[in-house]
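J.:
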Amino acid sequence: MSNYVLVECGGENDVDRDFIFEIEYYSEMNTTKIGGFHRNFYPYLNQDGYRSPLVFVYFKKIETNVLINVECRAYARNIINDDSIEYKRGSVHFELIVE
Numbered sequence: 001m002s003n004y005v006l007v008e009c010g011g012e013n014d015v016d017r018d019f020i021f022e023i024e025y026y027s028e029m030n031t032t033k034i035g036g037f038h039r040n041f042y043p044y045l046n047q048d049g050y051r052s053p054l055v056f057v058y059f060k061k062i063e064t065n066v067l068i069n070v071e072c073r074a075y076a077r078n079i080i081n082d083d084s085i086e087y088k089r090g091s092v093h094f095e096l097i098v099e
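The sequence shown begins at 1 in UniProt numbering and counts up one residue at a time.
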């Protein structure tokens, strides 16, 4: 797995985590338990024909009619995952509501 950038998503805080029951990941990894892509996508140097890596996150079982804050984090040796705002570069935040 050291040749991969791993991606994992979940509720941003305890309340949000209580509303997410099951997540599946679809990527070039051979598992639906975690997402990821090969490190060959980096560094990005504005190459012709470059295609960004993609991880599809399927919220398979989730509480409905509730706003949920989701955070996805990338994991690699050179990505610092600290909860301080300074180190949020390896993460993305979005809000999700399913009716």
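Using N, Cα and C, we set each Cβ at its ideal position, and we do this for glycine too.
#1: Roughly how many angstroms separate the alpha carbons of PHE37 and ASN65, rounded to a whole number?
#2: Excluding the five sequence neighbours on either side, which residues of its own chain have a C-beta within less than 6 Å of the C-beta of ALA76, listed in chain order?
#3: By Cβ distance, which residues of its chain are closer than 7 Å to ILE20, with the 5 residues on each side in sequence left out?
#4: Might you give, ordered along the chain, the residues of its own chain that have their beta carbon closer than 6 Å to the beta carbon of MET29, omitting 5 neighbours on each side?
#5: If I measure Cβ to Cβ from PRO53 and keep anything under 7 Å in the same chain, skipping five residues before and after, which residues do I get?
#6: How big is the Cα-Cα spacing for ASN13 and GLU71?
#7: By a C-beta neighbour count over all protein chains shown, 10 Å radius and 16 as the cutoff for buried, is SER27 buried or exposed?
T.: Once the coordinates are examined:
#1: In the sequence shown, residue 37 corresponds to position 37, counting from 1. In the sequence shown, residue 65 corresponds to position 65, counting from 1. Spanning the two alpha carbons is a distance of roughly 32 Å.
#2: Your numbering for residue 76 matches position 76 in the sequence shown. Taken in chain order, the residues that qualify are VAL5.
#3: Reading the sequence shown from its first residue, position 20 is the one you call residue 20. If we look at ILE20 and ignore the five residues flanking it on each side, its Cβ neighbours are GLY10, GLY11, PHE59, ILE62, ILE68.
#4: Here residue 29 corresponds to residue number 29 of the sequence shown, with the count starting at 1. So the list reads GLY36, once near-sequence residues are dropped.
#5: Residue 53 sits at position 53 when you count from the first residue of the sequence shown. Excluding positions up to five away in sequence, the list reads PHE37, PHE41.
#6: In the sequence shown, residue 13 corresponds to position 13, counting from 1. In the sequence shown, residue 71 corresponds to position 71, counting from 1. Going by the C-alpha atoms only, they are around 9 Å apart.
#7: In the sequence shown, residue 27 corresponds to position 27, counting from 1. Under this definition SER27 is a buried residue.
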